[in-house]
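S.K.: To start, I am sharing the structure in question, which I have written as structure tokens.
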Amino acid sequence: MDLLDGLTVRAYRGERNKYRPMESPLVNSPHPVEVAKALLYVTGGSDLYVADLNAIQDMGDNLEILKKVREETMATLWIDAGTGSLDEVLYLMSEIPSCKVVVGSETLQSSDEFERISKACQEDRMIFSLDMKKGNILTRSESPLAGKTLEEGIDLLRLAGWRRVILLTLDGVGTGRGLPLKMYETATQMAPDMSFYGGGGFKSKDELFDIKKSNMAGVLVATALHEGWINKKDIKELA
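The opening position of the sequence shown corresponds to residue 7 in my numbering, with each subsequent residue numbered one higher.
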């Protein structure tokens, strides 16, 4: 789920100025609690990835709504709230004790903060997101990931102790253009001891089986569910 100004919005290619409140046959409201319940029902899962777009863009946050989603669904929330420093990571952990904090390359503040976060990394509560656009890692110039290739970025994360990583192709989000399966294959082969989760571009149920074959730990899915490209039956068949 992508949250903006208190509502769930439809993400597309990372072009956030174009995001609009969610409209979906799965739910008749863009309210995050209702959308969360619908997604949990369809997937049969207990985890929800949530991007707080206000926090990511330094435009406030949706913290109270995130707390409400947690309270109403009891889901484990994977929250990307623009946490680019250790202080921000610890604050989010304290505000929503049961959540998993996603540290995104896009908002990572600096090499020093990366080192601080990595040293404090709790494997069961922290996930790194390699945010990709046009095949490049999206990050700040002060970040240790600046100018790195995907392989170099994965190696950096592995050496720093990260074990769970999201490979998020922002320019594929909401497009249904297909997942970058070759990228996933590269990642799982070079770091078989790490758990990788894909995101951005999912288009069909056939890809569910491709992902399983490539040894990916999972995939983030939103548009494909709302559009009906995959459904509850497809997910059950994979399991």
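Beta carbons are placed, not taken as given, at the ideal position from N, Cα and C, and that holds for glycine.
1. For the beta strand (DSSP E) that contains Ser201, what are its first and last residues?
2. What do you reckon, is the C-beta of Thr145 under 7 Å from a heavy atom of the ligand MG?
3. What is the C-beta distance between Ile160 and Ala197, in whole angstroms, given that I count them as a contact (C-beta under 8 Å)?
4. Considering only residues of the same chain and omitting the five flanking positions on each side of Glu129, which have a CB-CB separation below 6 Å?
5. Going straight from the alpha carbon of Leu45 to that of Leu10, what length do you get?
6. Would you list the residues sitting across from Gly110 in a DSSP beta bridge?
7. Under the rule that 16 or more other beta-carbon atoms within 10 Å means buried, what is Phe208, buried or exposed?
8. Report the residue from Asp8, Leu96 and Val33 whose alpha carbon sits nearest the alpha carbon of Glu233.
9. Apart from the five residues just before and just after Val15, which ones in its own chain have a Cβ nearer than 8 Å to its Cβ?
10. Report the rounded CA-to-CA distance for Gly50 versus Ala230, giving the unit in angstroms.
11. Please classify Arg26: does DSSP put it in a helix, a strand, or coil?
12. Quick one: measure Cβ to Cβ for Leu162 and Ile143, integer angstroms, because I've assumed they're closer than 8 Å.
13. Which of helix, strand or coil does DSSP assign to Asp161?
14. Please report the straight-line C-alpha distance between Lys125 and Met132, rounded to a whole angstrom.
15. On a CA-only basis, which of Asp93, Glu94 and Glu40 is nearest Ile71? Give me that one, please.
16. State yes or no: is the C-beta of Tyr55 within less than 8 Å of the C-beta of Leu226?
17. Using the three-state DSSP reduction, which class does Tyr18 fall into: helix, strand or coil?
18. Can at least three beta-carbon pairs, one atom from the stretch 85-98 and one from the stretch 106-123, be found at a separation below 8 Å?
19. Suppose the cutoff is 7 Å on Cβ atoms and the five residues either side in sequence are ignored; what does the same chain contact list for Ser201 look like?
20. State the Cα-Cα distance for the pair Asn237 and Cys127, rounded to the nearest angstrom.
21. Identify which residue in Lys188, Pro38 and Pro150 has its Cα closest to the Cα of Asp216.
22. Do you know offhand how far Asp199's Cα is from Gly167's?
23. From Glu148 to Asp137, what distance separates their C-alpha atoms?
24. Less than 8 Å separating the beta-carbons of Leu114 and Leu151?
25. Tell me where the beta strand (DSSP E) around Arg76 begins and ends.
M.R.: Let's see:
1. Ser201 to Gly205
2. For the ligand MG, the structure offers nothing, since it holds no ligand at all.
3. 6 Å
4. Arg169
5. 18 Å
6. Ser135
7. buried
8. Val33
9. Asp8, Leu9, Tyr25, Arg26, Pro27, Met28, Pro36 and Leu59
10. 15 Å
11. strand
12. 10 Å between Cβ atoms; not a contact.
13. helix
14. 12 Å
15. Glu40
16. yes
17. coil
18. yes
19. Arg169, Arg170 and Ala223
20. 35 Å
21. Lys188
22. 11 Å
23. 16 Å
24. yes
25. Careful: Arg76 lies outside any beta strand (DSSP E), inside the alpha helix (DSSP H) at Leu69 to Thr79.
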